[in-house]
Amino acid sequence: MATINVTHAVARDLKAAARPARRASFGRRLRRNATGYLFLLGAVICFALFSWYPMIREVIMSFQVTNFAGATRWVGLRNYQHIMSDPDFWSAWRTTGLFTLFALVFGYAVPFFTAIVLNELRHARSYFRLLVYLPVMMPPVAAAFLWRWFYTPDDSGLFNGVLHFLHLPTVQWLQSSHTLAVLCLVLFSTWINMGGTVLVYLAALQGIPGEIYEAAEIDGAGLWRRIWHVTVPQTRLILSLMLMLQIVGTMQVFTEPYVITGASNDTTSVVYLIYQYAFNFNNYGSASALGCMLLLVLVGFAGGYLWLSSRAGEE
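Note that the working numbering numbers the sequence shown so that position 263 is 320, with each residue one more than the last.
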């Protein structure tokens with residue numbers, strides 16, 4: 058028993074002696090990394106002011122009636138009831154869903170295959186990369202006005218001018234049907250946003266060892282089989298990440314319906330409807346409520362994506 062007590066006493070003394078050493082070590086690390094912590098503090102403050110606080114403020118405002126000038130009243134779920142009774146609410150979600158679906162077909166697949174083509178080029182590779190990335194450097198609103206002229210319904214528009222030159226019937230691009238109008242918006246969105254995505258895919262493709270392609274060619278695999286059995290599996294992580302970013306980005310579409318169609322032909326998106334509630338109707342409570350609903354949808358999708366990714370990683 059005496060031996061055990063002595064052992065405990067020695068262990069206590071060692072722990073007591075170790076505490077000042079740990080505190081001194083922590084103090085040295087803090088002083089050594091003080092500059093890094095100061096830079097990190099600036100980033101945290103920026104995120105808090107311009108990202109976290111607006112989200113918290115939006116949630117609070119979704120339960121209020123306010124115009125930032127008069128008194129603020131708490132109304133509970135009345136804002137949510139108001140927007141769900143609005144006929145434009147379901148129409149905006151339908152347009153946003155259709156835009157996202159078309160964007161997955163064009164805006165997700167086209168940059169990937171463009172990157173594959175650029176990766177296979179042996180001459181003028183840098184020139185074509187610049188050509189693909191050039192639309193990203195254009196101001197989005199200026200580019201949208203340019204494409205609005207492309208879609209002009211008479212022969213003065215670029216697309217109808219080409220059809221008229223080829224003696225083909227012209228098309229009412231933005232006025233004929235809701236589906237065609239949304240597809241036209243997706244084509245513009247794909248054109249202006251694909252440059253950055255192509256560069257990401259190119260970086261992933263260049264990280265694939267050439268020996269894998271050589272082995273596939275020796276086994277007699279053609280181009281499409283090499284793409285399906287080598288390229289896609291080797292870039293699966295990047296493809297899945299870009300899929301999530303694609304859906305999150307396209308569900309927040311605003312510039313395209315605002316500038317190109319003016320939300321005509323029932324092309325009002327969810328974000329455009331939020332803009333209308335806030336700046337056309339001065340109904341900031343309903344705008345915040347709709348923004349919270351969009352946030353919940355995107356958070357739910359991102360959470361589902363992370364859950365599926367973790368399940369796939371465990372398997």
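C-beta atoms are modelled at their ideal positions from N, C-alpha and C, and glycine is treated no differently.
Subject >> Of the residues R89, F338 and E313, the one placed nearest L203, counting alpha carbons only >> reply: E313
Original post:
Distance, Cα to Cα, I113 vs L106?
Top reply: 11 Å
Original post:
Using CA coordinates, which residue listed in T247, S119, C241 and S142 is at the minimum distance from I304?
Top reply: T247
Original post:
Bridge partners of R130, per DSSP?
Top reply: V122
Original post:
Quick one: is A78 buried, meaning 16 or more other Cβ sit within 10 Å of its Cβ, or exposed?
Top reply: The pLDDT assigned to A78 is 49, lower than 50, so where the model puts this residue is not dependable; a value taken from the coordinates is nonetheless given after this. Exposed is the call here.
**OP:** Note down the Cα distance separating L298 from L178, rounded to an integer number of angstroms.
**Re:** 26 Å
Original post:
Which term fits V101, buried or exposed, when burial requires 16 or more other beta carbons within 10 angstroms of its beta carbon?
Top reply: exposed
**OP:** Report the option in R130, R151 and Q333 whose CA atom is closest to the CA atom of T236.
**Re:** R151
**OP:** Just the C-alpha distance for A128 and G342, rounded to the nearest angstrom, thanks.
**Re:** 13 Å
**OP:** Please look up how many angstroms separate the CB atoms of Y315 and V287, rounded, as I've assumed it's under 8 Å.
**Re:** Not quite, the Cβ-Cβ distance comes to about 42 Å (not below 8 Å), so this is no contact.
**OP:** My understanding is that Y334 touches L355, with C-beta atoms under 8 Å, so please give their C-beta distance in whole angstroms.
**Re:** Actually they are not in contact, since the Cβ atoms of Y334 and L355 sit about 18 Å apart, beyond 8 Å.
**OP:** Give a yes or no on whether the C-beta atoms belonging to F163 and L244 are separated by under 8 Å.
**Re:** yes
Original post:
With distances taken between CB atoms, is the gap from T318 to L231 smaller than 8 Å?
Top reply: yes
**OP:** Please report how far the alpha carbon of T209 lies from the alpha carbon of A278, in whole angstroms.
**Re:** 46 Å
Original post:
So, are the CB atoms of S157 and T324 less than 8 Å apart?
Top reply: It is worth fixing the name first, because residue 157 is Thr in this sequence and not Ser. The answer is no: Cβ separation not under 8 Å.
**OP:** Using the Cα positions of I284 and V174, report the straight-line distance between them to the nearest angstrom.
**Re:** 11 Å
Subject >> Exposed unless 16 or more other CB atoms sit within 10 angstroms - verdict on S367 >> reply: exposed
Original post:
According to DSSP, is T325 helix, strand or coil?
Top reply: coil
**OP:** For I140, count neighbouring C-beta atoms within 10 Å of its own C-beta (all shown protein chains included) and say buried if the count is 16 or more, exposed if not.
**Re:** buried
Original post:
Secondary structure at A181, three-state DSSP: helix, strand or coil?
Top reply: coil
Subject >> Nonlocal neighbours in the same chain, by C-beta distance under 8 Å from A149, ignoring five residues either side >> reply: T325, S326, V327, Y329 and L330
Original post:
Leaving out the 5 sequence neighbours to the left and right, which residues in its chain are closer than 6 Å to V310 when beta-carbon positions are compared?
Top reply: F156 and S326
Original post:
Considering only residues of the same chain and omitting the five flanking positions on each side of S119, which have a CB-CB separation below 8 Å?
Top reply: N136, Y137, G342, S345, A346, G348 and C349
Original post:
CA-CA distance, R32 and S142?
Top reply: Outside the shown range of the chain, which is 58 to 372, sits residue 32, and nothing can be said about it.
**OP:** Report the option in V198, Q121, F104 and L220 whose CA atom is closest to the CA atom of I249.
**Re:** V198
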